[in-house]
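One structure below.
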Amino acid sequence: MLNQVADGVWVRQSGWVWSNAIAVRGESGLILVDPGIDGSDLNELADDLDQLGIPVVAGFSTHPHWDHLLWHTRFGDVPRHATPACAQVANGARERAQAMAAESASGIPLELVALVTPLPADGGPVPGEIIEHQAHAVGHAAILVAGRGVLLAGDMLSDVLIPLLDPRQSDQVGAYETALDRLGEAARHVDVVVPGHGAVAKGPEVAARLAADRAYIDALRRGGESADARLGQDWISGIHQSNVEQAGRSTG
Ligand SMILES: [Zn+2]
Numbered sequence: 018m019l020n021q022v023a024d025g026v027w028v029r030q031s032g033w034v035w036s037n038a039i040a041v042r043g044e045s046g047l048i049l050v051d052p053g054i055d056g057s058d059l060n061e062l063a064d065d066l067d068q069l070g071i072p073v074v075a076g077f078s079t080h081p082h083w084d085h086l087l088w089h090t091r092f093g094d095v096p097r098h099a100t101p102a103c104a105q106v107a108n109g110a111r112e113r114a115q116a117m118a119a120e121s122a123s124g125i126p127l128e129l130v131a132l133v134t135p136l137p138a139d140g141g142p143v144p145g146e147i148i149e150h151q152a153h154a155v156g157h158a159a160i161l162v163a164g165r166g167v168l169l170a171g172d173m174l175s176d177v178l179i180p181l182l183d184p185r186q187s188d189q190v191g192a193y194e195t196a197l198d199r200l201g202e203a204a205r206h207v208d209v210v211v212p213g214h215g216a217v218a219k220g221p222e223v224a225a226r227l228a229a230d231r232a233y234i235d236a237l238r239r240g241g242e243s244a245d246a247r248l249g250q251d252w253i254s255g256i257h258q259s260n261v262e263q264a265g266r267s268t269g
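Be aware that the sequence shown starts at 18, since it is given in the numbering used here, and climbs by one per residue.
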């Protein structure tokens, strides 16, 4: 079911880790952001979009993790965009993303995984402002649609997943600090935040999400000054992994 969360912004949530597929109305039609997850989700999303009656003109992936790189033929053969850095990583890791998709959920059209191209510098069909940062994944993008009071946050500001540091990049604590500063600035213009996973935040909940992630990163910063920061990172990745697994099982 599509829930309208702002003017021209609809969200459909999957049972798989509460993943949010988002449809945003642009000038010429809908832009689908991170559509997912399993085959029946994608089919039902296509049904919902048929009912909405607005054509899909483009896709957008917020970052190069498999659960944000999915598509279905029923959405149409339209350009699928990402930041240039995200597109480069996604294209290079396509086989791995396909394998993870196959392992994690059923019915995903594997031949369509990760077929993303760099977003034109002017933003192309995507309305609003792209906020690119390096927290969680290379080339991660949030989309600020200030005119409609909504921020699409990708895998940031979730109420069900803690901040997950990218083990392939150095100084993720610093990257998170920078990203949260920028998202905090963006959030001043909105009253709705749609995370990649979890509940849509509205009103005062927006500031609470920022504060929770900031507190977590602050704690890592303090912990990182102690002898074994690396251990902390492994511990965090482990926790995240078990969150994902538990969520997958309990909603399965
Ligand atoms: Zn995700």
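Virtual Cβ for every residue (Gly too), placed ideally from N, Cα, C.
For Glu44, which residues in the same chain have their Cβ closer than 8 Å to its Cβ, ignoring the five residues on either side in sequence?
For Glu44, the CB contacts under 8 Å within the same chain, skipping 5 residues up- and downstream, are Pro142, Pro144 in chain order.
Which first and last residues belong to the beta strand (DSSP E) in which Gly171 is found?
167-171
Round the Cβ separation of Gln189 and Ala152 to the nearest angstrom and send it over; I've been treating them as touching at under 8 Å.
7 Å
Since Val34 and Thr79 should fall inside the 8 Å C-beta cutoff, what is the C-beta to C-beta distance between them, to a whole number of angstroms?
Their Cβ separation, rounded to whole angstroms, is 15 Å, which puts Val34 and Thr79 out of contact at 8 Å.
Count the CB pairs spanning the region 127-137 and the region 95-106 that are closer than 8 Å, and state whether there are at least three.
yes
Less than 8 Å between the beta carbons of Ser123 and Gly56, yes or no?
yes
Quick check on the contact list: which residues have their beta carbon closer than 5 Å to a heavy atom of ligand 1?
Counting only heavy atoms of ligand 1, the residues whose C-beta sits closer than 5 Å to one of them are, along the chain, Asp84, Asp172, Gly213.
Measure the C-alpha to C-alpha separation of Arg111 and Trp83 and round it to an integer number of angstroms.
8 Å
For Gly46 versus Pro81, is the C-beta spacing smaller than 8 Å?
no
Leaving out five residues before and five after Phe77 in sequence, what residues of the same chain have Cβ atoms less than 6 Å from its Cβ?
Closer than 6 Å at Cβ, skipping near neighbours: Ile48, Val50, His98, Val143.
So the beta strand (DSSP E) Val22 belongs to, where does it begin and stop?
20-23
Nearest to Val22 by alpha carbon, out of Ala225, Val209, Ala224?
Ranked by how close their Cα comes to the Cα of Val22, the residues Ala225, Val209, Ala224 have Val209 in first place.
Does the distance from the CB of Val3 to the CB of Val167 come in under 8 Å?
Coverage of the chain is limited to positions 18 through 269, which leaves residue 3 absent and any answer about it impossible.
Determine the DSSP secondary structure at Pro221, reduced to helix, strand or coil.
helix
In terms of residue numbering, what span does the beta strand (DSSP E) encompassing Arg2 cover?
Nothing can be reported for residue 2, as the shown portion of the chain is limited to 18 through 269.
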